[in-house]
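**Q** First the structure, then my questions, so here it is.
Residue numbers (this note's numbering): 3 to 278.
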């Protein structure tokens, strides 16, 4: 990288300036989000207290489990295919359907599942267990809490809904007096991170100067063209979930040319950049 900086002094200077800009933007974003607790510790405290109050049991909700036989039955149907070993499919479905009380409560339940026998599969009742070992030789001990009673408590708590209220307080809807200022904090952090990676991509030889200059203009309000064509960008979805910090960039869906930016590191391939 040092040699590339010496060969591209203007880009190296822009990199240093953008880095300072990024640190400032990140500090502003961190200050904005300071009041937002991490999801799991926040939910863990509420769920632990609610279980103790309702059932007089102090449980480790990360290491106590719901064996959801109703979900296991649905998963068995979804996972099964002709020729499969039915016992292996059942075991896999049961393992997937056994989750910690914390994760089960965060995912929440349908109203029908909180009714008597709502989590049964046939005549088999779902159970709360002190272990996630659900093998044939399991020594897991059932707890004295009906699965449906736990589901009812989770619905009353609505951990996801409570957490969403915290997020909404930080990021108010459009029209709120603070909305524009908050959006600018998020936008500034995203812009500076993007510009920083664009400069690094050029210095690392991942993109050429033409693409580098075009990408930098994407942060402005004016349409950007590359070789006479409009440069477009969009989010990337995987299994109906938008990837954070990743985007597609191209000149036309019908033209096999474009680039993609992923956060550098082991999570994403290609050292953060793909140019097609």
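For every residue, glycine included, the Cβ atom is placed at its ideal position computed from N, Cα and C.
The structure displayed is predicted, hence computed values, not measured ones.
1) Would you give the residue range spanned by the alpha helix (DSSP H) that residue 179 belongs to?
2) If residue 123 and residue 52 are in contact, beta carbons under 8 Å, what's the gap, nearest whole angstrom?
3) From residue 126 to residue 43, what does the alpha carbon distance come to, in whole angstroms?
4) Would you check if there are 3 or more beta carbon pairs closer than 8 Å linking the region 196-205 to the region 238-246?
5) Comparing alpha-carbon positions, which option in 21, 17, 108 lies nearest residue 165?
6) Return the Cβ separation of residue 184 and residue 174 in integer angstroms, given the expectation that the two are a contact with Cβ distance under 8 Å.
7) Over the uninterrupted alpha helix (DSSP H) stretch that includes residue 213, give me the two end residues.
8) State the Cα-Cα distance for the pair residue 176 and residue 189, rounded to the nearest angstrom.
9) Got a sec, what are the start and stop residues for the alpha helix (DSSP H) residue 239 sits in?
10) Could you work out which residue in 72, 91, 83 is closest to residue 137 when comparing CA atoms only?
11) Please check the pair residue 167 and residue 38, which I expect to be a contact at CB under 8 Å, by giving their CB distance rounded to whole angstroms.
12) So, helix, strand or coil for residue 117, using DSSP?
13) So, is residue 156 buried or exposed, given that buried needs 16 or more other C-beta atoms within 10 angstroms?
**A** Walking through what the data contain:
1) The residue labelled residue 179 in the question sits at position 177 within the chain shown. First-last for residue 179: undefined, no H or E at that position.
2) Numbered from its first residue, the chain shown carries residue 123 at position 121. Numbered from its first residue, the chain shown carries residue 52 at position 50. That pair is no contact at about 26 Å.
3) For the purposes of this step, residue 126 is identified with residue 124 of the chain shown, where counting begins at 1. For the purposes of this step, residue 43 is identified with residue 41 of the chain shown, where counting begins at 1. C-alpha separation (whole angstroms): 33 Å.
4) Not touching, per the Cβ criterion.
5) Counting from 1 along the chain shown, the entry for residue 165 is found at position 163. Ranking 21, 17, 108 by Cα distance to residue 165 puts 108 first.
6) Translated into the one-based positions of the chain shown, residue 184 becomes position 182. Translated into the one-based positions of the chain shown, residue 174 becomes position 172. Contact flag correct, Cβ pair sits at about 6 Å.
7) Locating residue 213 in the chain shown gives position 211, counting from the first residue. Boundaries of the alpha helix (DSSP H) around residue 213: 211-219.
8) What you label residue 176 is simply residue 174 of the chain shown in a count that begins at 1. What you label residue 189 is simply residue 187 of the chain shown in a count that begins at 1. Straight across, the Cα-Cα distance linking residue 176 with residue 189 is about 15 Å.
9) Here residue 239 refers to the residue found at position 237 when the chain shown is read from its first residue. Here residue 239 belongs to no alpha helix (DSSP H); instead the beta strand (DSSP E) covers 234-240.
10) What you label residue 137 is simply residue 135 of the chain shown in a count that begins at 1. Comparing Cα positions, the closest option is 91.
11) Residue 167 sits at position 165 when you count from the first residue of the chain shown. Residue 38 sits at position 36 when you count from the first residue of the chain shown. Distance from residue 167 to residue 38 at the Cβ level is roughly 11 Å; contact not present, criterion being Cβ atoms closer than 8 Å.
12) Counting from 1 along the chain shown, the entry for residue 117 is found at position 115. For residue 117, the secondary structure class from DSSP, reduced to helix, strand or coil, is coil.
13) Mapped onto the chain shown, residue 156 falls at position 154. Flag for residue 156 reads buried.
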